[in-house]
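J.: So the protein lines, in turn, are chains A and B.
So for the first sequence, my numbering puts the first residue at 628; every next one is plus one.
So for the second sequence, my numbering puts the first residue at 628; every next one is plus one.
Protein chains: 2
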Amino acid sequence: MAIETNGITNQVWPNIKNKSVNLKQFFPIFEWGKTYDKGQFTNDGIAAIIVTIMLIPQSLAYALLAGLPAEMGIYASIIPIILYAIFGTSRALAVGPVAVVSLMTAAAVGNIAEQGTADYITAALTLAFLSGAFLILLGIFRLGFIANFLSHPVIAGFITASGIIIATSQIKHILGINASGHNLYELISSIFSHLDETNIITCLIGLSSIAFLFWVRGGLKPLLLKLGLKPKLAEILSRAGPVAAVVLTTLIAWGFNLITQNVAVVGDVPQGLPPLSSPSFSFDLWSSLIGSAILISIIGFVESISVAQTLAAKKRQRIDPNQELIGLGAANLGSAFSGGYPVTGGFARSVVNFDAGAATPAAGAYTAIGLAIASLLLTPLIFFLPKATLAATIIVAVLSLVDFSILKRTWDYSKADFIAVTATILITLLFGVEIGVSAGVVISVFIHLYKTSRPHIAIVGQVPGTEHFRNVDRHKVITQNNILTIRIDESLYFANARFLEDQLYDMVAEHPKLEHVILMCPGVNEIDMSALESLEAINERLKDLNVKFHFSEIKGPVMDKLHKTEFLKHQTGRIYLSQHQAICDLTKGTDPSCDETEKVLEE
Amino acid sequence: MAIETNGITNQVWPNIKNKSVNLKQFFPIFEWGKTYDKGQFTNDGIAAIIVTIMLIPQSLAYALLAGLPAEMGIYASIIPIILYAIFGTSRALAVGPVAVVSLMTAAAVGNIAEQGTADYITAALTLAFLSGAFLILLGIFRLGFIANFLSHPVIAGFITASGIIIATSQIKHILGINASGHNLYELISSIFSHLDETNIITCLIGLSSIAFLFWVRGGLKPLLLKLGLKPKLAEILSRAGPVAAVVLTTLIAWGFNLITQNVAVVGDVPQGLPPLSSPSFSFDLWSSLIGSAILISIIGFVESISVAQTLAAKKRQRIDPNQELIGLGAANLGSAFSGGYPVTGGFARSVVNFDAGAATPAAGAYTAIGLAIASLLLTPLIFFLPKATLAATIIVAVLSLVDFSILKRTWDYSKADFIAVTATILITLLFGVEIGVSAGVVISVFIHLYKTSRPHIAIVGQVPGTEHFRNVDRHKVITQNNILTIRIDESLYFANARFLEDQLYDMVAEHPKLEHVILMCPGVNEIDMSALESLEAINERLKDLNVKFHFSEIKGPVMDKLHKTEFLKHQTGRIYLSQHQAICDLTKGTDPSCDETEKVLEE
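#1: Going by DSSP, which residues form a beta bridge with arginine 844(B)?
#2: With a CB to CB cut of under 7 Å and the five nearest residues on each side skipped, what residues in its chain are close to histidine 821(A)?
#3: Return no unless some Cβ of chain B is closer than 9 Å to the Cβ of phenylalanine 908(A).
#4: So if DSSP puts valine 1144(B) in a beta bridge, which residue, or which two residues, is it bridged to?
#5: Using a C-beta cutoff of 9 Å, does cysteine 1221(B) count as contacting chain A?
#6: Looking only at C-alpha atoms, which of Pro1149(A), Glu862(A), Tyr993(A) and Gly855(A) sits nearest to serine 1118(B)?
#7: Within 9 Å (strictly less), CB to CB, does glycine 1150(B) reach chain A?
#8: In the DSSP assignment, what are the bridge partners of glutamine 1089(B)?
#9: According to DSSP, which residues form a beta bridge with tyrosine 968(A)?
#10: Using beta carbons (cut-off 9 Å, strictly below), is lysine 1188(A) in contact with chain B?
#11: Comparing alpha-carbon positions, which option in Pro1184(A), Asp1155(A) and Val1135(A) lies nearest asparagine 1166(A)?
#12: In the segment 970 to 1005 of chain A, which residue ranges form an unbroken alpha helix (DSSP H) of at least 4 residues, counting only runs that do not cross its ends?
#13: Under three-state DSSP, which class holds leucine 1119(B)?
#14: So, helix, strand or coil for alanine 688(A), using DSSP?
#15: Would you kindly check if the distance between the Cβ of glycine 973(B) and the Cβ of serine 736(B) is under 9 Å?
#16: Measuring only between beta-carbons, confirm whether aspartate 1044(B) sits less than 9 Å from chain A.
#17: Where does serine 948(A) sit, in a helix, a strand or coil, going by DSSP?
#18: By DSSP's criteria, tyrosine 1203(A) is part of a beta bridge. Which residues make up the other side?
#19: By the 10 Å Cβ neighbour count, where 16 or more other Cβ atoms means buried, how is phenylalanine 1176(B) classified, buried or exposed?
#20: Can you confirm whether aspartate 1155(A), when its beta carbon is compared against all beta carbons of chain B, has any partner nearer than 9 Å?
#21: Determine the extent of the alpha helix (DSSP H) in which glutamate 1239(A) is found, giving its start and end residues.
#22: Between the C-alpha atoms of tryptophan 1203(A) and leucine 777(A), what's the straight-line distance to the nearest angstrom?
#23: Within its chain, find whatever has a CB closer than 6 Å to the CB of threonine 1006(A); leave out the 5 residues flanking it on each side and keep chain order.
#24: Once DSSP output is grouped into helix, strand and coil, what is the label at proline 1149(B)?
#25: Compare the C-beta of tyrosine 1203(B) against all C-beta atoms of chain A and say whether one is closer than 9 Å.
#26: Taking Cβ-Cβ distances shorter than 9 Å, what residues in chain B pair up with alanine 939(A)?
#27: Could you tell me which of Asp1116(A), Pro1184(A) and Glu1142(A) sits nearest to isoleucine 1110(A), measuring between CA atoms?
#28: Please determine if the segment 1045 to 1061 of chain B and the segment 867 to 884 of chain B are in contact, where contact requires at least 3 C-beta pairs separated by less than 8 Å.
#29: Which bits of chain A does asparagine 1098(B) rub up against, with CB to CB less than 8 Å?
#30: Are proline 969(B) and serine 977(B) close, meaning C-beta to C-beta below 9 Å?
#31: Among Leu691(B), Ile706(B) and Ile680(B), which residue has its Cα nearest to the Cα of phenylalanine 964(B)?
#32: Return the CA-CA distance between arginine 1103(B) and glycine 1092(B), expressed in angstroms with no decimal places.
#33: Following the continuous alpha helix (DSSP H) through glycine 1067(A), name the residue where it begins and the one where it ends.
#34: Give me, in chain order, the residues of the same chain whose beta-carbon lies closer than 6 Å to that of histidine 1083(B); leave out the 5 immediate sequence neighbours on both sides.
#35: Check the Cβ of aspartate 1212(B) against every Cβ in chain A and list those closer than 7 Å, keeping chain order.
#36: Determine the DSSP secondary structure at proline 1013(B), reduced to helix, strand or coil.
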């Protein structure tokens, strides 16, 4: 067994201390670019072709979800993907329109302008611009940690509720009716009031597309494997389901000229590369969109970074959250100036990209080229594409996001998390995505504050024959009549300062023979100014009762701060490194183990 | 030395467990009422006379500050004080209009109606009603702890900034000009633009009143003591300064008929008992006032409970925060129905009440009777009372609240608290009281989350010859090449879950020979669902690297929750009660102290 004395160097925080600014840091492209070779090119190229085919229907569908012209979905996938390739750190992340962000765009822009107007489009561009600017600011100031304020269960609940809202919002396209709303109640009542307008042919196309896509998802891959295809090819073919549905239903709509039957189709989509567009710089528009832009940025960032880290972990690569903010910010700015709308790293497209073998961010650039070609050449072909088909692809995609298992898991583990996730789901369904996710954050924070405001406080005693001290309620321990040792299991700060005072006075009142109170602080990671004032008050109160107030096991950083205050001058008792030392000293060391410990610690 | 094994009973939370509902709890009057005797009556009576004399000018002045007719200040001191005597728990607290709450009332109501209109008065009554209802709700649901979310430095900063705003808002009365505004900038620019309207005689009255009151505060008491008066009498006489100023300047204004010189006076004040008034039940008004009502309630409660606890501590009495909510709520409801406006326990009046010897809440009731008599008989006498005199009493009173020492103290102790208090002061001065105090709360919470989101993480080793483990950077300790022990000094929850992951991966990457990682958790008071997912991820990642993941010193409540999860089944390592046990086990116990410890703990 190798024993080293203090053999570990002080490099505890290397990733913070050793940050130096260089080109590679802000342009990760210089890192992977210099070793780029033909093998990587081939891998990236194949991945790009597969992703491109998958992205065409998806981009059109999400633009529809956002209430925007179909081509904006494609535009939002071209320039952003290239900018992310330059600035982002994930090697497999595919950036573009995603379901939840599209829904949030519809909610934000829908408050300001009517769908189908030029104002609506300008607002969407401006939203992308503001999101991009906000993300870049966060990145520059290295504030990526704010995404951590969204707890995992809240995110899971939010995604589930969003999935339900998105799927419901697409029912109108399946039925061929007009309906609108930003929450479940509005959507459902709107659908019911227009139910009589249902177009049977549209409905047939929509429902059969849904059935087909579910079958492709569940049944096609096993079938292909049985037919002897390689697993990877089978996987890719089964991902092409939406393309097949698009091609088939477009042909049907064209062949039977279903426009005459009032089947809604995508219609004229301008042919050409992404246009140079400009967001609005109106102060009024900015102030009405900035709140939504912040929410979209944070939700988009959380979604994107989760995908990026999941994929990076599989190949032992590292994601830099602050650089990701820059990458996503650049992508959104690019989207704002090239006819797009807010984008982020999408789960489905990134997984396909990864599975198809994308080796570097160049795969994204090639995908962009593929989409640009599609935008130039293929748009006339989708004139007859039924909107019901696109709605079907959205419904099937988002229903896979709906997962209520988080309710069961949080119920079993933590009622506080359960309350947060339930509230997030219900509020999102009832009041829409923006209020839902904001409420989720506020509730998480509030529950955290509530829990830490009533910390666990235990009276402890010595485990016989050891130097350990444990809760008198859980262990058989030794205590003294004149000494009360209280262990507080929480940092002391404003939210619990008064609680500690109250509890301590009550405990002291129950122990009339007291001479010493020891506050044992192994769980106290901080004492803020409010708590310091409470400790002063406790010290004064105990002094009046002729009880001395001691501390044990205060941590280094906390002690450093206490040394700067007057408190130690007023303190009636002492501060002990260990609880064992405290008991030895206060009981005049009749325990045999005391002599030894004292000697060793004083060396 | 008396050693008891587990001699302390399980009554750790008596004040929570033993709560039974009874009359005394909701009507504390039954507790002190049954032992009420003549001695107490005398004490209470004397205190009441002194407080009544002091309250007359103060109540008029604060009504003026709130922008309300002078008599509403008196009405707000009569019924509320009686209701608090019935429902409140403090024996010395004097409830009525106070400076900060009056300012907040002016800010809230000023947004809705013009001063001097009936709507303004209705809005003030409604504000009192909503505050009262909110306080009672908080009390019924025992939510008094929410006042703890205001940190002490934020409150100190808020009070200081409010004092400055209040003093500035009174300058117009001293100068005899018209000016308005809810923040420092508006007030000062408004004063400057009306400076040419200054009324010289008003100004003389105002400035000499200020000078007189400051002298009374600082110089009168020593003088009276020198003249041989008893300290208590000297104290009471020096508190009567405002009354003297009121009487003198009223006589001057009457004698010289200063109304003809355009000196603003209080004018006609209706003679009579508090009227039966009714707040509005309009939904629109409620929704525009509810936010302000909540802020006023919380600020008022915090101010009141601080005063009550300070005074109770001097006589070893206890204050029940939840019952205080009921008491203050009842007082505000009473105020709403008797021509008053929002009230709370005031510092100055309570201290006078206490110093004058008030023994029970009955002193408050007698004060109410005194004020009722004043309201019936004395109001005609104050027709000529100059507003400048009232403004002077306010200025002198609130300037004693202004205390910038909190800046120095927080700067020395905690930069985080310094930021919170500075931001609260600046935002209150620049944007007014409501935004100021809200920002203070948000900033405190955000700073707390930020600090706990980047917790202190230390690599620890064994202090030679002991069972203690300490930071390798601070102590000379023993470590092993193949074992990395990391102590995390914070509860694990959503805000820091990912940070732990990142830090741990970095540390592991620096120790290539690792076989074991031990997470030492004496500071971990909670592991929430997000953190549990991060621990699962760490466990998986370390498994891929053939490193086992152990825990030591997990606290009882945390362990109880972990037992409910799948985590323990997947965990590659073990869970040790103590870090010493972990090292003994993983190093195969070559350290001589190991055998003994193992034996003892397994008993």
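Where a beta carbon is used, it is the ideal one built from N, C-alpha and C, also for glycine.
T.: This is what the structure holds:
#1: According to DSSP, arginine 844(B) bridges with nothing at all.
#2: Ile804, Asn805 and Ala806
#3: no
#4: Bridge partners of valine 1144(B): Leu1111(B) and Phe1176(B).
#5: no
#6: Pro1149(A)
#7: yes
#8: Phe1096(B) and Ile1105(B)
#9: The partner list for tyrosine 968(A) (beta bridge, DSSP) is empty, contrary to what the question assumes.
#10: Yes - at least one Cβ of chain B is within 9 Å of the one on lysine 1188(A).
#11: Val1135(A)
#12: 974 to 982 and 989 to 1004
#13: Reduced to three states, the DSSP call for leucine 1119(B) is strand.
#14: helix
#15: In the sequence under discussion, the amino acid at residue 736(B) is valine, which differs from the serine named in the question. In this structure, glycine 973(B) does not lie closer than 9 Å to valine 736(B) by Cβ.
#16: yes
#17: Per the sequence presented here, residue 948(A) reads as proline, with serine not at that position. DSSP places proline 948(A) in helix when its eight states are reduced to three.
#18: Ser1179(A)
#19: buried
#20: yes
#21: Only positions 628 to 1230 of chain A appear in this structure, which leaves residue 1239(A) out of reach.
#22: For clarity, residue 1203(A) is tyrosine in the given sequence; the question names tryptophan instead. Approximately 39 Å between the Cα atoms of the pair.
#23: Residues Val896 and Gln898 of the same chain have their beta carbon placed closer than 6 Å to that of threonine 1006(A), with the five preceding and five following residues left out of the count.
#24: coil
#25: no
#26: Here the premise fails: no neighbours, minimum Cβ distance about 11 Å.
#27: Glu1142(A)
#28: Proximity of the segment 1045 to 1061 of chain B to the segment 867 to 884 of chain B falls short of the contact definition, fewer than three beta-carbon pairs being nearer than 8 Å.
#29: Gly1183
#30: no
#31: The residue with the shortest Cα to Cα distance from phenylalanine 964(B) is Ile706(B).
#32: Sequence inspection shows lysine at residue 1103(B); the arginine mentioned does not correspond to that position. Taken atom to atom, the span from the alpha-carbon of lysine 1103(B) to that of glycine 1092(B) is near 12 Å.
#33: 1060 to 1080
#34: Asp1116
#35: Simply none; closest approach about 13 Å.
#36: strand
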